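Trainee:
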Amino acid sequence: MDHDKEYVIRLSGSDLGQVIDGLEARTSAWHHTATYLETGEAPDGFLIEECEDAEEARRIAEHYQRILTAMVEQMMEQR
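If you use this note's numbering, the sequence shown corresponds to residues 32 to 110, in order.
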(Lines of atoms letter the chains of each structure in order from A; the text may use other names.)
(Lines give C-alpha, C1' and ligand atoms only; values in the text may rest on other atoms or scores of the structure.)
Protein backbone atom coordinates (compact mmCIF):
# COMPACT_ATOMS: atom_id res chain seq x y z
CA MET A 32 0.00 0.00 0.00
CA ASP A 33 1.27 3.45 -0.93
CA HIS A 34 1.38 5.30 2.40
CA ASP A 35 1.66 8.75 0.77
CA LYS A 36 -1.34 8.37 -1.54
CA GLU A 37 -4.62 9.95 -0.42
CA TYR A 38 -7.80 7.91 -0.81
CA VAL A 39 -11.47 8.83 -1.16
CA ILE A 40 -13.68 6.23 0.50
CA ARG A 41 -17.48 6.35 0.38
CA LEU A 42 -19.40 5.07 3.42
CA SER A 43 -22.95 5.32 4.67
CA GLY A 44 -23.50 7.51 7.72
CA SER A 45 -23.99 4.40 9.83
CA ASP A 46 -20.77 2.79 8.61
CA LEU A 47 -18.84 6.03 9.11
CA GLY A 48 -20.18 6.18 12.66
CA GLN A 49 -18.83 2.68 13.28
CA VAL A 50 -15.40 3.62 11.92
CA ILE A 51 -15.32 6.76 14.09
CA ASP A 52 -16.36 4.73 17.14
CA GLY A 53 -13.55 2.25 16.47
CA LEU A 54 -10.98 5.02 16.08
CA GLU A 55 -12.16 6.61 19.33
CA ALA A 56 -11.74 3.26 21.10
CA ARG A 57 -8.21 2.79 19.72
CA THR A 58 -7.24 6.36 20.61
CA SER A 59 -8.50 5.85 24.14
CA ALA A 60 -6.73 2.49 24.52
CA TRP A 61 -3.39 3.96 23.51
CA HIS A 62 -3.91 7.06 25.66
CA HIS A 63 -4.67 4.84 28.67
CA THR A 64 -1.61 2.72 27.88
CA ALA A 65 0.63 5.81 27.90
CA THR A 66 -0.90 6.95 31.20
CA TYR A 67 -0.47 3.50 32.72
CA LEU A 68 3.17 3.30 31.66
CA GLU A 69 3.82 6.75 33.18
CA THR A 70 1.80 6.49 36.40
CA GLY A 71 0.87 2.85 36.93
CA GLU A 72 -2.79 3.89 37.06
CA ALA A 73 -5.48 2.67 34.67
CA PRO A 74 -9.29 2.48 34.53
CA ASP A 75 -11.00 -0.73 35.65
CA GLY A 76 -11.16 -3.34 32.89
CA PHE A 77 -8.37 -1.68 30.93
CA LEU A 78 -6.04 -3.88 28.85
CA ILE A 79 -2.60 -2.44 28.17
CA GLU A 80 -1.50 -2.25 24.54
CA GLU A 81 1.84 -3.75 23.56
CA CYS A 82 4.55 -1.17 22.98
CA GLU A 83 8.07 -0.20 24.03
CA ASP A 84 7.24 2.70 26.34
CA ALA A 85 4.87 5.56 27.17
CA GLU A 86 6.30 7.76 24.41
CA GLU A 87 5.52 5.16 21.74
CA ALA A 88 2.00 4.73 23.14
CA ARG A 89 1.51 8.50 23.08
CA ARG A 90 2.68 8.73 19.44
CA ILE A 91 0.27 5.97 18.43
CA ALA A 92 -2.60 7.66 20.30
CA GLU A 93 -1.79 10.94 18.55
CA HIS A 94 -1.74 9.18 15.17
CA TYR A 95 -5.19 7.69 15.77
CA GLN A 96 -6.40 11.11 16.92
CA ARG A 97 -5.14 12.77 13.71
CA ILE A 98 -7.01 10.19 11.62
CA LEU A 99 -10.15 10.64 13.72
CA THR A 100 -9.98 14.43 13.49
CA ALA A 101 -9.54 14.34 9.71
CA MET A 102 -12.53 12.02 9.29
CA VAL A 103 -14.81 14.05 11.55
CA GLU A 104 -13.81 17.32 9.84
CA GLN A 105 -14.58 15.84 6.42
CA MET A 106 -17.89 14.49 7.68
CA MET A 107 -18.87 17.89 9.09
CA GLU A 108 -17.96 19.62 5.81
CA GLN A 109 -20.47 17.38 4.01
CA ARG A 110 -23.43 17.99 6.30
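For each residue, glycine too, the CB sits at the ideal point set by N, CA and C.
These numbers were taken from a predicted model, which means no experiment stands behind them.
(1) Between the Cα of I51 and the Cα atoms of A101, T66 and Y38, which residue gives the shortest distance?
(2) Which term fits H63, buried or exposed, when burial requires 16 or more other beta carbons within 10 angstroms of its beta carbon?
(3) If distances are taken between C-alpha atoms only, which option among S43, A60 and Y95 comes closest to E81?
(4) Would you kindly work out how many angstroms separate the C-alpha atoms of S45 and M106, rounded to a whole number?
(5) Got a sec: does the ligand COA put a non-hydrogen atom nearer than 7 Å to the Cβ of G76?
(6) Can you look up D52 in the DSSP assignment and give me helix, strand or coil?
Mentor: In terms of the structure at hand:
(1) A101
(2) buried
(3) A60
(4) 12 Å
(5) In the structure on display, the ligand COA does not appear, and there are no ligands present to speak of.
(6) helix
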